[in-house]
Structures are given as structure tokens and as C-alpha cells.
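Have a look at the structure below, then the notes.
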Amino acid sequence: MSKKIEVLTDKSALLARALELILSRIETSIQQRGQFTIALSGGSTPKPLYEAIAQQKLPWDKIHVFWGDERYVPPNHPDSNELMARDAWLNKVDIPAANIHPMPTNDAEPASAAAKYEQHLLNFFNTSPGNFPALDVVLLGMGDDAHTASLFPHTEALKVRDHLITVGNKDGNPRLTFTYPFINTARCVMFVVGGANKRPALAQVFAPEADNFQYPSRLIQPQGELWWLLDAAAGSELKS
Ligand code: 6PG
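Quick note on our numbering: the sequence shown kicks off at 20 and runs consecutively.
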């Protein structure tokens, strides 16, 4: 694993750096494998990043978009991560509909939706049973409780190691989420975290010793690249 921490002056510099890194991985991935696969994070931080990606001239037919987590709501619900990314980015570019792979949230049982998305990923990547496919980039945010994706502190989702996708739980509300071992299989995991409210959680995530189940972002230790992109408000006290 190569772990890099970069503290950028402010939010716009943070998002510009994230865009730069994503664009370079799009180029490399397409050169090496003929396609680029990315899992998106939700929340508010990445929205301007998605708007900036939408402005780029890219080979959209070679780019496949997945989600690293999703609120268990319909795709037209204001809380939907899919809706946010479509409005900010995907509806503005000529990416083939088949290249957009939203998490299904229309099943009565979130657990069966999780299993469906897992099977979709295994089929897409043509993965042999028992193996985890490697996405090129998994984009992550971090909550002020140090959750990432929908891996919340002290939830059952943190114990799932033999699946790609599981059901997360935020205050009793179901979510679909990548498991941490699946996140860790990615070629490049990129946290994009801004704001002073994230400072206490970051201190715990970067502490030599702390409870991984209390601070789930500590579990993200990928075999590939790990980037922590922070703005100064969040990360000025951290050392790489
Ligand atoms: C979600 C996200 C979640 C998010 C963090 C940070 O579905 O909400 O995937 O993990 O990245 O909660 O959210 P902000 O960027 O809004 O602080």
C-alpha cells in the first residue's frame, strides 16, 4: 500500500486536486485495461467534484460508474446518492446508460438488493467465486463520526468480510454499502474530506492506536494506493 496525505489550502483546491488525480487514473486505466471503473461516494463534499468531471472531454464509453454506498430510497428521492451524481454529472455527459451501475433500492429487502448488486459486480468483472474484483478508483468521504461509505461505528456491516456488498445502518435506516475488504481491493482509494468538523475524527483515524469499530475509516487499508485529500480546515494538524 502507498499511503499519501495531502492537505490543500481550501475546499476548491481540495476538489481541484481530486479532479487531477481522477483524470490521471482515467487515462492510465484506459491505456492499460481499455476501461476505467469508479465507485462514487455520496454526501455533500463530492457534488462540485462531479460537476467539474462533467466539464471534461473524456471517452465516456470507456468509463463505468458504480456507487460505493446508497441510502435505501428511490432514485428520485432527495437523499439518493444516485440522484445527486446524475444531476451533478451523469445527465450532462454522453455516457452510455449501460455504463451507469446504480445500487438497486427497489427491493422490499435491502439484503436481497445487496446480493443483487454483488452479483452484478461479479458478472461485470467476470470474477471467479471467492474473489473480489478491483475497481480502478473508490472515492470515499468521511463523516464526523469517522464512518465511510455506509460503514457506521459499531454496526454489523463492519464485521462482513466475505461479501462485496452488505447492508449498512445509519440510525436504524438501511443503506447499501461496499464492505471494507472490498474497498481495500481497489487499485486506488481516495478520501476527499473537508471542514473543521472532521478534525476530531481524523485525529482518531490517524492515531497509532484507536478502536477500528468506533472509527471505521481506520479499516480502509487498501493493497493499492491510499490517498487522503484534506483541506486545511480538516487536516492542518496531520502529518503524512
Ligand atoms: C453518504 C456517503 C458518506 C459521506 C460522508 C461524508 O452516503 O452519505 O457516502 O459516507 O461520504 O457522510 O459526507 P459529507 O461529504 O457530506 O461530509
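Glycine included, C-beta positions come from ideal geometry on N, C-alpha and C.
When the Cα of A37 is compared with those of A222, W247, A251, which residue comes out closest? W247
Buried or exposed by the 16-neighbour rule on C-beta atoms within 10 Å, applied to N142: exposed
Evaluate the contact criterion for the stretch 32-49 versus the stretch 182-193: three or more CB pairs, one atom per stretch, below 8 Å. Counting Cβ pairs under 8 Å, fewer than three are found: no touch.
Using the C-alpha atoms, what's the distance from G213 back to G160? Distance between the alpha carbons of G160 and G213: 9 Å.
Grab me the residues of N231's own chain with a C-beta within less than 6 Å of its C-beta, minus the 5 sequence neighbours each way, in chain order. Correct list, in chain order: R237, L238.
Between which two residues does the alpha helix (DSSP H) containing I72 stretch? 66-72
Taking 7 Å as the cut-off, is the CB of M161 close to at least one heavy atom of the ligand MN? The model depicted lacks the ligand MN and carries the ligand 6PG instead.
Confirm, please, whether the CB-CB distance from W79 to D126 is below 8 Å. Cβ distance not < 8 Å, so D126 and W79 don't count as in contact.
Rounding to the nearest angstrom, what Cα-Cα distance links A205 and P152 in this structure? 8 Å
Same chain, Cβ closer than 8 Å to P93, five either side skipped, listed in chain order: S99, T124, N125
Between which two residues does the alpha helix (DSSP H) harbouring H139 extend? 129-143
Beta-carbon separation of A197 and D88 under 8 Å? Residue identity differs from the one stated: residue 197 is Phe in this sequence, not Ala. Annotated as proximal: F197 and D88, with beta-carbon spacing under 8 Å.
Could you give the first and the last residue of the continuous alpha helix (DSSP H) run that contains A251? 251-254
Nearest CA to the CA of K217: which residue from T167, H173, L177, D163? D163
Relative to the C-alpha of A71, which candidate in R44, A104, S131 has its C-alpha closest? A104
Report all residues from its chain with a CB closer than 7 Å to the CB of A229; omit the five preceding and five following residues, and keep chain order. Q223, R237, listed in sequence order.
Determine which residues share a DSSP beta bridge with K22 and list them. L245
In three-state terms, what does DSSP make of L5? The first residue shown for the chain is 20 and the last is 259, placing residue 5 beyond what the model contains.
To the nearest angstrom, how far is it from the Cα of E128 to the Cα of R90? 13 Å
What whole-angstrom Cβ distance do L257 and F225 have, given they're in contact under 8 Å? Here L257 really is in contact with F225; their C-beta atoms are around 6 Å apart, less than 8 Å.
Any heavy atom of the ligand 6PG inside 7 Å of the beta-carbon of N100? Correct: N100 has its Cβ closer than 7 Å to the ligand 6PG.
Looking at the unbroken beta strand (DSSP E) that takes in E89, where does it start and where does it end? 88-90
For N216, which three-state DSSP category applies? helix
Extract the residue ranges of the beta strand (DSSP E) inside the stretch 154-207, only unbroken runs of 3 or more that lie entirely within it. 156-159, 184-189, 192-197
Three-way DSSP call (helix, strand, coil) for I41 in this model: helix
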